[in-house]
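Beneath this line is the structure, given in structure tokens, with notes to follow.
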Amino acid sequence: MQDIHLTGFGLLSPELVLGAVSLVVLIMDLVWKERGSSRLGWISLAGLALSSFLLILAFDDSVGQTAFGIVVVDKFGNFFKLFTCGALAVVVAFVMGDQRERKDRIGEYYFLLLGAGMGIFFMVGTNNLLLLVLGLELLSLASYALAGFHKGEKRSAEAAMKYIVFGGFSAGIMVYGISLLYGLTGTLDLQVMAGTAEGVGLTRSLADAVMTSPSTVALAMVMILGGFAFKISVAPFHFWAPDVYEGSPTPVTTFLAVASKAAGFGALIRFLAVLFMSPDVAAAVGTYGLQVGHLIAILAAVTMTLGNLAAVRQDSVKRMLAYSSVAHAGYVLVALVAMNGEGLQASMLYLVAYYLMNLGAFGVLIYFHGQTGKETYESLNGLGRAAPLISISAVVFVVSLTGLPPTVGFYGKLAVASAAMGVQDGAYAWLVLLMLLNSVVSLYYYMRVAKHLFLRDSDGQTVRPQPAMAALLVVFAALNVIFLLYVEPLEKWTAASMDLLLIGR
Amino acid sequence: MALEAYIGVSVALFALGLVCIISRRNILYVLFGVEMILNAASINFAAFNYFNGGGIEGRVFVVFIIILAAAESAIALAIVLNVYHLMKTVKPSEADFLRE
Chain V
294 MQDIHLTGFG
304 LLSPELVLGA
314 VSLVVLIMDL
324 VWKERGSSRL
334 GWISLAGLAL
344 SSFLLILAFD
354 DSVGQTAFGI
364 VVVDKFGNFF
374 KLFTCGALAV
384 VVAFVMGDQR
394 ERKDRIGEYY
404 FLLLGAGMGI
414 FFMVGTNNLL
424 LLVLGLELLS
434 LASYALAGFH
444 KGEKRSAEAA
454 MKYIVFGGFS
464 AGIMVYGISL
474 LYGLTGTLDL
484 QVMAGTAEGV
494 GLTRSLADAV
504 MTSPSTVALA
514 MVMILGGFAF
524 KISVAPFHFW
534 APDVYEGSPT
544 PVTTFLAVAS
554 KAAGFGALIR
564 FLAVLFMSPD
574 VAAAVGTYGL
584 QVGHLIAILA
594 AVTMTLGNLA
604 AVRQDSVKRM
614 LAYSSVAHAG
624 YVLVALVAMN
634 GEGLQASMLY
644 LVAYYLMNLG
654 AFGVLIYFHG
664 QTGKETYESL
674 NGLGRAAPLI
684 SISAVVFVVS
694 LTGLPPTVGF
704 YGKLAVASAA
714 MGVQDGAYAW
724 LVLLMLLNSV
734 VSLYYYMRVA
744 KHLFLRDSDG
754 QTVRPQPAMA
764 ALLVVFAALN
774 VIFLLYVEPL
784 EKWTAASMDL
794 LLIGR
Chain B
3 MALEAYIGVS
13 VALFALGLVC
23 IISRRNILYV
33 LFGVEMILNA
43 ASINFAAFNY
53 FNGGGIEGRV
63 FVVFIIILAA
73 AESAIALAIV
83 LNVYHLMKTV
93 KPSEADFLRE
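Chains as they are written, first to last, in our numbering: chain V, 294 to 798; chain B, 3 to 102.
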């Protein structure tokens, strides 16, 4: 923190590597002009590996600020950057293994994915609302283009159109909210707003603003939280999710459901934690008899219920997974109602579990979609015999998504529930109960996948083996089970990441 | 002029943008509406920066909003053009292939 000017630029090396590799991919795509080669995919994977290596290398000691204090490097940010690298690597692998993916100009695909990754890096690694918006927009703009990547397909085009309409709208609202917050406090830095750091010029803490003009602060917060809610597909900003998830190419859907959503949560958690967990602001909000936790609890309840009830009615597995990812956003919010260290750690644990189970589920979808050409439950009929290994993995993933043992999904739900129960003498017990009821509902539609795979007769579908994809999926299924039995590293990792979120406190 | 005058213009522009997004069926008008909301935010930033009297953060934000709006329009128009090529319409309600 001593070194806030450009001299600390080395701290940005993971971002610089990602940016450089994305440019290399773009240029080599133009130079090679070849179809059906996976060379560009391997370059992207190498770049992601190098970036993760730098992040892991510096996980313990690279803490500080650079670029005039705008970029914050801490363990919390590094956690989400590593998460993003991991998710992007799997998505790139999916693109390489997807039978249905278009093969020409595939370099653009990787370029956009890496660009979106860089947006996430900046978004989760800053306390400055300007850089937060820029990172979020870099992610969003790349996602819009990715959603419409299959240019000749009506569904893909429509998904991109819906995405950019809702996305542009919510970004506009969010920027307007930030402008109000800037007007109230005279700064864009979250820590200065929270009163935990010294600002430049005439600034005022958010606590003062809450006392003098509560309604404007409330309006600004609703607008900003609306922007976040769009990114993490929380009700009432989730309408885009099913359509966009269904119409986009499946690897892009995977990216949106896992990496983009986790990035939204990363930025949201930092925003809430820095502002509302500071004693001054919490006390000021408390004088009106309000708590941020209550608002989050309501959003969580509505989101998971709507997501689950809608998921029951779907015939398409892809659309079911879209609604299920809305429901899972609700579960993560349940952990955040606690608004304490334990709650934040539980939400991060849940996101890791979500990473393992959802990437696997989408991988199975890509695998079978490549074979059958369809995404309905019926198209899975009898595939349990044709592809037993993948089908067993699929069952592990859906069990994990439901939150039953022996999978990491169970541990994630347990952590979330205990965090929410632990505050205010169980005032949020109703929310935990609702979460359990929702899990029971979700059992129905998740188990339908297993039913169609194993209990229905095949219509003579044969499966061409895809060893690389199959191996990846089996590894993910194994990880789902292993991390329940051996959960300690996850706990240590998330706890360590929590440490420095409260930097400068 | 007082700060209130600037805020008044900004709120009016924001409201017009919102109405434009909600009431129009044509996607191009929706995009216009988004631009108006972003510009309303720009006015806010510039005005607050002037009256808060310190730093350049607000003015920097305005410059970046202009860049953002340009980038977003470029991608949005490319997507809309593609939709028009495929479906011969730019109204979201008519280009509806994804089931509810």
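Every residue, glycine too, gets a C-beta built ideally from N, C-alpha and C.
None of these values were measured; they are calculated from a predicted model.
| Query | Result |
| --- | --- |
| Where do the ends of the alpha helix (DSSP H) carrying V/Thr695 lie? | 681-695 |
| At least one CB of chain V closer than 7 Å to the CB of B/Ala78: is that the case? | yes |
| Give the straight-line distance between the Cα atoms of V/Val627 and V/Val365, rounded to the nearest whole angstrom. | 27 Å |
| For the region 353-409 of chain V, list the alpha helix (DSSP H) runs that are entirely contained and at least 4 residues long, ordered along the chain. | 368-390 |
| For V/Tyr475, count neighbouring Cβ atoms within 10 angstroms of its own Cβ and tell me buried if that reaches 16, exposed if not. | buried |
| Per DSSP, which one or two residues make a beta bridge with V/Thr669? | V/Ser609 |
| Would DSSP call V/Thr580 helix, strand or coil? | coil |
| Check the Cβ of B/Val62 against every Cβ in chain V and list those closer than 8 Å, keeping chain order. | Leu423 |
| Is the CB of B/Phe34 under 7 Å away from at least one CB in chain V? | no |
| Put V/Ile297 into one of helix, strand or coil per three-state DSSP. | Note that V/Ile297 scores a pLDDT of 49, beneath 50, so its modelled location is shaky and nothing firm can be said. |
| Taking Cβ positions, are V/Gly586 and V/Val551 nearer each other than 7 Å? | no |
| Taking 7 Å as the cut-off, decide whether the C-beta atoms of V/Asn421 and V/Asp367 are in contact. | no |
| Just to confirm the assignment, what range does the alpha helix (DSSP H) spanning V/Leu568 have? | 554-569 |
| Could you check what DSSP says for V/Ile796 in three-state terms: helix, strand or coil? | Bear in mind that a pLDDT of 45 at V/Ile796, under 50, signals an unreliable position, so the model cannot answer this. |
| What is the residue span of the alpha helix (DSSP H) that V/Arg749 lies within? | Careful: V/Arg749 lies outside any alpha helix (DSSP H) and carries neither H nor E. |
| If you pair each beta-carbon of the region 754-767 of chain V with each one of the region 648-658 of chain V, do three or more pairs fall below 8 Å? | yes |
| Closest by CA to V/Pro810, which one among V/Leu495, V/Glu781, V/Phe387? | Chain V is shown only over 294 to 798; residue 810 of chain V falls outside these bounds and no answer can be derived. |
| Express the C-alpha separation of V/Met740 and V/Leu697 in angstroms, rounding to a whole number. | 12 Å |
| Do V/Val417 and V/Gly340 have their C-beta atoms within less than 7 Å of each other? | no |
| What's the C-alpha gap between V/Tyr647 and B/Ser12? | 41 Å |
| Comparing alpha-carbon positions, which option in V/Phe346, V/Ser735, V/Ala351 lies nearest V/Gly379? | V/Phe346 |
| Just the C-alpha distance for V/Pro758 and V/Asn651, rounded to the nearest angstrom, thanks. | 22 Å |
| Quick one: Cα of V/Lys447 to Cα of B/Met89, how far? | 7 Å |
| Closer than 7 Å, Cβ to any Cβ of chain V: which residues of the region 80-93 of chain B, in chain order? | Ile81, Val82, Asn84, Val85, Leu88, Met89 |
| Could you give the distance in angstroms between the alpha-carbon of B/Glu102 and the alpha-carbon of V/Asp536? | Residue placement at B/Glu102 is poorly supported in this model, since its pLDDT is 45, which falls under 50; the coordinates are not used for a value here. |
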